[in-house]
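> I'd like to ask you about the structure that follows.
Number of protein chains: 2
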Amino acid sequence: MPKLSKSEIVAAKLRTYSINKGLKPGDRLPTEGELAEQFGVSRVSVREATKALGFLGIVDAAPRRGLSVGKVSMKRLSRYLSFHFALADYPLDELIDTRIVVETGGLRRVAERMAKDPSIYEQLNAVNDKLRRATKKSEWLQGEVEFHCLLVASSGVRALAAFNDLVQVFFQKFRAGFSKSRWKNGIRGHQEIIDTLRKGDYQTATALLTEHINVHRDRDKLLKKKARSKNAAKSGEVSGSASA
Amino acid sequence: MPKLSKSEIVAAKLRTYSINKGLKPGDRLPTEGELAEQFGVSRVSVREATKALGFLGIVDAAPRRGLSVGKVSMKRLSRYLSFHFALADYPLDELIDTRIVVETGGLRRVAERMAKDPSIYEQLNAVNDKLRRATKKSEWLQGEVEFHCLLVASSGVRALAAFNDLVQVFFQKFRAGFSKSRWKNGIRGHQEIIDTLRKGDYQTATALLTEHINVHRDRDKLLKKKARSKNAAKSGEVSGSASA
DNA sequence: GGACGCCGAATTGTAAGACAATTATAATCG
DNA sequence: CGATTATAATTGTCTTACAATTCGGCGTCC
Chain A
1 MPKLSKSEIV AAKLRTYSIN KGLKPGDRLP TEGELAEQFG VSRVSVREAT
51 KALGFLGIVD AAPRRGLSVG KVSMKRLSRY LSFHFALADY PLDELIDTRI
101 VVETGGLRRV AERMAKDPSI YEQLNAVNDK LRRATKKSEW LQGEVEFHCL
151 LVASSGVRAL AAFNDLVQVF FQKFRAGFSK SRWKNGIRGH QEIIDTLRKG
201 DYQTATALLT EHINVHRDRD KLLKKKARSK NAAKSGEVSG SASA
Chain B
1001 MPKLSKSEIV AAKLRTYSIN KGLKPGDRLP TEGELAEQFG VSRVSVREAT
1051 KALGFLGIVD AAPRRGLSVG KVSMKRLSRY LSFHFALADY PLDELIDTRI
1101 VVETGGLRRV AERMAKDPSI YEQLNAVNDK LRRATKKSEW LQGEVEFHCL
1151 LVASSGVRAL AAFNDLVQVF FQKFRAGFSK SRWKNGIRGH QEIIDTLRKG
1201 DYQTATALLT EHINVHRDRD KLLKKKARSK NAAKSGEVSG SASA
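For the protein sequence lines, the chains are A and B, in the order given. Numbering-wise, the first sequence is residues 1 to 244 according to this note's numbering. Numbering-wise, the second sequence is residues 1001 to 1244 according to this note's numbering.
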């Protein structure tokens, strides 16, 4: 159990403070100086906490205006996470399992809401259309994530959607090496899924979506096999030191 | 475009630095002092950046060892999702939906793993036994959360478990007013669920668990009806400290 | 009387220096 | 050779100070 630093404690206290006061995005917080006094730490420690939270958009700071509560945006989070993907490896199998649980778990509600509100289908359709028009890989990657996030968000279960945003960000790197023929397959799969949902058949849609996500699992196995045979050839890899 | 603060610039430079050097988790970074000199800023600015990245687990810092590239963990990121939860204040219905999706979503894997490893059943059983011996409400509350967390953790999908831990915490306040007769029912429900899982019948277990969680939904409707007629003042009782 | 600009004060942003806390490495002793 | 202690390097925290930014009011000019 790692000991928490003061700035982390301050961050935690800020959270409970926000909860206690029932603060909503936009509400003002005490100034750094007041927080320092209230928490019994120096302004530096408070700053390290608020600054870190500021990176994530959780708090907003400006001179003279002071601190205020921001809105946590997964976009913001993913900005700082993005460069880390190349380095960190979360086990793909578990990520896929997670995706399947979260995405398929919302499907019944998506179908229900779709029946009441046709615009949900239209939105999903629009994203998939945009995906068809994508030419650059970056466009496609973004659209792919957007589709799956919108799908879960369409369930109306916002907590689930927030978590899913995060998972998608983690997953992004595995999508990177997809060939163009796979794109087309994926887009067809999306269309099948939302069309099936519109008919109210969420069970078939669940099977389709599960298959759609499981494609990555097969791909990963191939990659690993390749890596193994390559590794067998040269087995003396030591990572370089970091100092300049 | 908002002007970037120096610490944000430092964070960005750290990114290009890491990418250029091709660093992997565990690799060492220059010290705060060296970075400050290299980037032409004070150590304070460097610290604000590394601290923020440290919150996310992207960098790891320890005295004498210095800075190193860290491994991003779902658990770590869940801490920031908790801010999201705190600020968003989701209605109970959505939390229940979330719980159902996450907890039932893991059941198939729990059953599979249980077949291979009987100790999983034993552990769940032990927690439920402890629950039977509980006398104080606080004991029961803790045990209840422990059971549901262990259940999801038993699926072996760690990201899902991390998220579930979070949901349980936010759900806890709704459990507070349960009567003792409900306890007994809940414990019987737990037993049924794990016994059914041991038989490998995860589908029946899914139905049982869904029902078990849905009990809270009914209760909430009653409470709301009462609250409407009373139209009482709101009580915001949340106390907490930084958990380790 | 109203719009415009300017000035001052409050607050965050950045800096430098010092010391405490922690821990990896080296030195020492049995 | 192993365990223990000493040392040094590095982060963690505090204090103080000042620069940068911006909000609010005040005065001036039309």
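Yeah, the Cβ is synthetic: ideal placement off N, Cα and C, and Gly gets one too.
Can you check whether the CB of alanine 1111 of chain B is closer than 7 Å to the CB of glycine 1189 of chain B?
Working through the second sequence from its first residue, we reach residue 1189 of chain B at position 189. Working through the second sequence from its first residue, we reach residue 1111 of chain B at position 111. The answer is no: Cβ separation not under 7 Å.
> Thinking just about the alpha-carbon of each residue, which of A/Arg132, A/Arg47, A/Cys149 is nearest to the one in alanine 62 of chain A?
If you number the first sequence from 1, residue 62 of chain A lands on position 62. Closest by alpha carbon: A/Arg47.
> Along chain B, in chain order, which residues have C-beta atoms closer than 8 Å to that of arginine 64 of chain A?
Residue 64 of chain A sits at position 64 when you count from the first residue of the first sequence. Chain B residues near arginine 64 of chain A: none, gap ~15 Å exceeds 8 Å.
> Just mark proline 1118 of chain B as buried or exposed, buried being the case when its beta carbon has 16 or more other beta carbons within 10 Å.
Locating residue 1118 of chain B in the second sequence gives position 118, where the first residue counts as 1. Result: exposed.
> Straight-line CA distance for leucine 56 of chain A to leucine 1077 of chain B?
In the first sequence, the residue the question calls residue 56 of chain A occupies position 56. In the second sequence, the residue the question calls residue 1077 of chain B occupies position 77. Taking the straight line joining both Cα atoms gives about 11 Å.
> Applying the 10 Å Cβ sphere with the 16-neighbour rule, what's the burial state of glutamine 1168 of chain B?
As a working note, residue 1168 of chain B is residue 168 in the second sequence. Glutamine 1168 of chain B should be labelled buried.
> How long is the line joining the alpha carbons of leucine 53 of chain A and alanine 161 of chain A, rounded to whole angstroms?
In the first sequence, the residue the question calls residue 53 of chain A occupies position 53. In the first sequence, the residue the question calls residue 161 of chain A occupies position 161. Cα-Cα distance, rounded: 21 Å.
> What is the DSSP secondary structure of isoleucine 19 of chain A, reduced to helix, strand or coil?
In the first sequence, residue 19 of chain A corresponds to position 19, counting from 1. Helix, per DSSP.
> Quick one: give me the first and last residue of the beta strand (DSSP E) that valine 59 of chain A is part of.
As a working note, residue 59 of chain A is residue 59 in the first sequence. Residues 59–62.
> On the DSSP bridge list, what partners appear for valine 1046 of chain B?
Against the second sequence, residue 1046 of chain B aligns to sequence position 46. Partner(s): none; valine 1046 of chain B has no beta bridge.
> Of all the residues that make up the stretch 1185–1198 of chain B, which are near chain A by a beta-carbon distance shorter than 7 Å?
So nothing in the stretch comes that close.
> Counting only runs of 4+ residues fully inside the stretch 135–187 of chain A, write out the alpha helix (DSSP H) ranges in chain order.
137–153, 158–175
> Quick one: list the residues of chain A neighbouring glycine 1106 of chain B, beta-carbon separation under 9 Å, in chain order.
Numbered from its first residue, the second sequence carries residue 1106 of chain B at position 106. By Cβ distance, chain A contributes Asp97, Val101.
> Nearest-angstrom Cα distance between lysine 184 of chain A and arginine 132 of chain A?
As a first step, residue 184 of chain A is located in the first sequence; it is residue number 184 there, counting from the start. As a first step, residue 132 of chain A is located in the first sequence; it is residue number 132 there, counting from the start. So the two alpha carbons sit approximately 8 Å from each other.
> Answer with buried or exposed for isoleucine 1019 of chain B, where buried requires no fewer than 16 other C-beta atoms within 10 angstroms of its C-beta.
For this step, residue 1019 of chain B is matched to residue 19 along the second sequence. Under this definition isoleucine 1019 of chain B is an exposed residue.
> Less than 7 Å between C-beta atoms, sequence neighbours within five positions excluded: which residues of the same chain meet that for glycine 1033 of chain B?
Counting from one through the second sequence, the residue named residue 1033 of chain B turns up at place 33. The residues are Arg1043.
> Looking only at its own chain, which residues have a Cβ that is under 6 Å from the Cβ of serine 5 of chain A, when we skip the five neighbours before and after it?
Reading the first sequence from its first residue, position 5 is the one you call residue 5 of chain A. Within the same chain, serine 5 of chain A has no close Cβ partners at all.
> My understanding is that alanine 157 of chain A touches glycine 106 of chain A, with C-beta atoms under 8 Å, so please give their C-beta distance in whole angstroms.
Position 157 of the first sequence holds residue 157 of chain A. Position 106 of the first sequence holds residue 106 of chain A. Inspection of the sequence shows that residue 157 of chain A is occupied by valine rather than by alanine. Rounded, the Cβ-Cβ distance is 6 Å, consistent with contact.
> Within 7 Å (strictly less), CB to CB, does glutamate 1211 of chain B reach chain A?
Mapped onto the second sequence, residue 1211 of chain B falls at position 211. Glutamate 1211 of chain B does not count as touching chain A.
> Let's test the definition: count the other Cβ atoms within 10 Å of the Cβ of glutamate 8 of chain A and tell me whether it reaches 16, buried, or not, exposed.
By one-based count along the first sequence, residue 8 of chain A stands at place 8. Glutamate 8 of chain A should be labelled buried.
> For the beta strand (DSSP E) containing glycine 33 of chain A, list its first residue and its last residue.
On the first sequence, residue 33 of chain A is found 33 positions in, with the first residue counted as 1. Taken as a continuous stretch (DSSP letters only), glycine 33 of chain A belongs to no beta strand (DSSP E), being part of the alpha helix (DSSP H) at 32–39.
> Between threonine 1204 of chain B and threonine 1196 of chain B, how many whole angstroms is the CB-CB distance? I'm expecting something under 8 Å.
Taking the first residue of the second sequence as position 1, residue 1204 of chain B is located at position 204. Taking the first residue of the second sequence as position 1, residue 1196 of chain B is located at position 196. Between threonine 1196 of chain B and threonine 1204 of chain B the Cβ distance is about 5 Å, and since that is below 8 Å, they are a contact.
> If the cut is a Cβ gap below 9 Å, which residues of chain B does tyrosine 121 of chain A touch?
Residue 121 of chain A sits at position 121 when you count from the first residue of the first sequence. Ordered by position in chain B, no residue passes the 9 Å Cβ test against tyrosine 121 of chain A, which lies about 21 Å from the chain.
> For phenylalanine 1083 of chain B and lysine 136 of chain A, what's the separation of their Cα atoms in angstroms?
Position 83 of the second sequence, counting from 1, holds the residue named residue 1083 of chain B. Position 136 of the first sequence, counting from 1, holds the residue named residue 136 of chain A. Going from the Cα of phenylalanine 1083 of chain B to the Cα of lysine 136 of chain A covers about 35 Å.
> To the nearest whole angstrom, what separates the beta carbons of leucine 124 of chain A and leucine 150 of chain A, a pair I think is in contact under 8 Å?
Position 124 of the first sequence, counting from 1, holds the residue named residue 124 of chain A. Position 150 of the first sequence, counting from 1, holds the residue named residue 150 of chain A. With 8 Å as the limit, leucine 124 of chain A and leucine 150 of chain A qualify as a contact, their Cβ atoms being about 6 Å apart.
> For tryptophan 1140 of chain B, I'd like the list of residues in its chain whose CB is within less than 7 Å of its CB, leaving aside the five on either flank, ordered along the chain.
Working through the second sequence from its first residue, we reach residue 1140 of chain B at position 140. Taken in chain order, the residues that qualify are Leu1131, Ala1134, Trp1183.
> For a quick check, are the C-beta atoms of glycine 250 of chain A and isoleucine 58 of chain A less than 7 Å apart?
One cannot answer for residue 250 of chain A here, as it falls past the ends of chain A, which runs 1 to 244.
> Should alanine 153 of chain A go down as buried or exposed, given a rule of 16 or more other Cβ atoms within 10 Å for buried?
Numbered from its first residue, the first sequence carries residue 153 of chain A at position 153. Looking at its Cβ environment, which holds 16 or more other Cβ atoms inside 10 Å, alanine 153 of chain A is buried.
> Just to make sure I have the definition right: I need the residues of chain A whose C-beta is within less than 7 Å of the C-beta of histidine 1084 of chain B. Which are they?
The residue given as residue 1084 of chain B occupies position 84 in the second sequence. The contacting residues are Val72, Ala162.
> Does the beta-carbon of threonine 1050 of chain B have 16 or more other beta-carbons within 10 angstroms, so that it is buried, or is it exposed?
Within the second sequence, residue 1050 of chain B is the residue found at index 50, counting from 1. The residue in question, threonine 1050 of chain B, is buried, as its Cβ has 16 or more Cβ neighbours within 10 Å.
> Measure the C-alpha to C-alpha separation of arginine 1015 of chain B and alanine 1207 of chain B and round it to an integer number of angstroms.
On the second sequence, residue 1015 of chain B is found 15 positions in, with the first residue counted as 1. On the second sequence, residue 1207 of chain B is found 207 positions in, with the first residue counted as 1. So the alpha carbons of these two residues sit roughly 47 Å apart.
> Grab the span of the alpha helix (DSSP H) containing leucine 1029 of chain B for me, first residue to last.
For this step, residue 1029 of chain B is matched to residue 29 along the second sequence. Note, leucine 1029 of chain B: premise wrong, no alpha helix (DSSP H); not H, not E.
> Using beta-carbon positions only, say whether serine 1073 of chain B and arginine 1028 of chain B come within less than 7 Å of one another.
Here residue 1073 of chain B corresponds to residue number 73 of the second sequence, with the count starting at 1. Here residue 1028 of chain B corresponds to residue number 28 of the second sequence, with the count starting at 1. Not closer than 7 Å, so no.
> For isoleucine 1194 of chain B and alanine 1126 of chain B, what's the separation of their Cα atoms in angstroms?
The sequence position of residue 1194 of chain B within the second sequence is 194, counting from 1. The sequence position of residue 1126 of chain B within the second sequence is 126, counting from 1. Going from the Cα of isoleucine 1194 of chain B to the Cα of alanine 1126 of chain B covers about 11 Å.
> Label glycine 1143 of chain B either buried or exposed according to how many other C-beta atoms from any shown protein chain fall within 10 Å of its C-beta, with 16 as the threshold for buried.
Within the second sequence, the letter at position 143 stands for residue 1143 of chain B. Answer is buried; the Cβ neighbour count reaches 16.
> Take serine 45 of chain A as the anchor and find which of A/Ala12, A/Phe178, A/Lys75 has the nearest alpha-carbon.
Position 45 of the first sequence, counted from the start, is the residue given in the question as residue 45 of chain A. The candidate whose alpha carbon is nearest that of serine 45 of chain A is A/Ala12.
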